[in-house]
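Under the numbering used here, think of the first position of the sequence shown as 26, with each following residue one higher. What follows is one structure encoded as structure tokens, with my remarks underneath.
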Amino acid sequence: MKLKWYGQSSFMLTTDEGTRILIDPYGRLLGYRMPKNIESDIVIVTHDHKDHNQIQVASGEYMLVNQPRPYGKKEVSITGIPTFHDKVGGKKRGPNIVYVIKAGGLTVCHCGDLGHLLTEEQIAQIGKVDILMVPAGGKMTLNGSDAAAVMNQLKPAITIPMHYRTKALGLPGRLLFDKVERFISAAGKPSKEVKELDVKKESLQEYAGIVTFLYD
């Protein structure tokens, strides 16, 4: 599976069979530049906020995934688990969906804008995870220490932080989010920086720990 980061919480996952899964596309946002007309087979939206739901950037006859239920297309199976964008049952920022994506022997968990630690029931629903994508910028989502706690709850081989401050962000974005270094320090695991990630089940240990992406 190939993984590319578009900034914020948006990724493109491409399976070994060529199925393209676009997650949480945004429009013009805080300094990031989302590509247009992204050929996609599946588009996942974790919650209905503008930095996650701009599906008009996708093209092709894609399947839209935006509910907490099972989905399937080609060799890909997806399950949505209902969660919240905050620590008070969604009263501040509403609902959020954690998605578990399975393809090519790998299990990827994208946490969207998760705002709380997981319950035992949610941990059981998510199951064993190979690659975890977790927000780590705080303020609006999990902060670095809470993101590390979720990582320890799920025990993935690879953890990919997202939704944090980068140099690409303008001033509003820099004020909204913490740097990823806070998460890396709290996690206490080795980290690597990549432009893109190409990983198979048998090569997971090559990237074990934390993987951050360069923003193009």
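Virtual Cβ for every residue (Gly too), placed ideally from N, Cα, C.
Check, Outcome
"Proximity below 8 Å, CB of Val236 to CB of Ile183", "yes"
"C-alpha gap between Leu38 and Gly140, whole angstroms", "24 Å"
"Assigned exposure category for Val125 - 16 Cβ within 10 Å defines buried", "buried"
"Sub-8 Å separation of Asp111 and Leu142 beta-carbons", "no"
"In chain order, each beta strand (DSSP E) run of at least 3 residues that lies wholly inside the stretch 84-126", "88-90, 95-98, 101-109"
"Ile151 vs Leu131 beta-carbon contact at 8 Å", "no"
"Val205, buried or exposed, once every other Cβ within 10 Å from all chains shown has been counted against 16", "buried"
"8 Å Cβ cutoff met for Thr108 and Asn91", "no"
"Residue closest to Lys246, alpha-carbon to alpha-carbon, out of Thr144, Tyr96, Arg118", "The requested residue 246 does not occur in the structure, where the chain is confined to residues 26 to 241."
"Per-residue DSSP class, three states only, for Lys226", "helix"
"Whole-angstrom distance between Lys153 and Ser34, CA atom to CA atom", "21 Å"
"Distance, Tyr51 Cα to Asp76 Cα", "5 Å"
"Contacts around Thr104, its chain only, beta-carbon distance under 6 Å, and the 5 residues preceding and following it disregarded", "Pro95, Val125"
"Under 8 Å between C-beta atoms of Tyr189 and Gly213", "no"
"Inter-residue Cα distance where the pair is Glu221 and Tyr240", "10 Å"
"Limits of the unbroken alpha helix (DSSP H) element including Arg207", "206-212"
"Close Cβ partners of Ser216 (< 8 Å) along its chain, the five nearest in sequence each way excluded", "Ile209, Gly234, Ile235, Val236, Thr237"
"The alpha helix (DSSP H) enclosing Leu179, as first and last residue numbers", "169-179"
"Residue from Arg207, Asp66, Asn62, His72 with nearest C-alpha to Gly115", "His72"
"Contact under 8 Å by Cβ, Asp223 with Lys99", "no"
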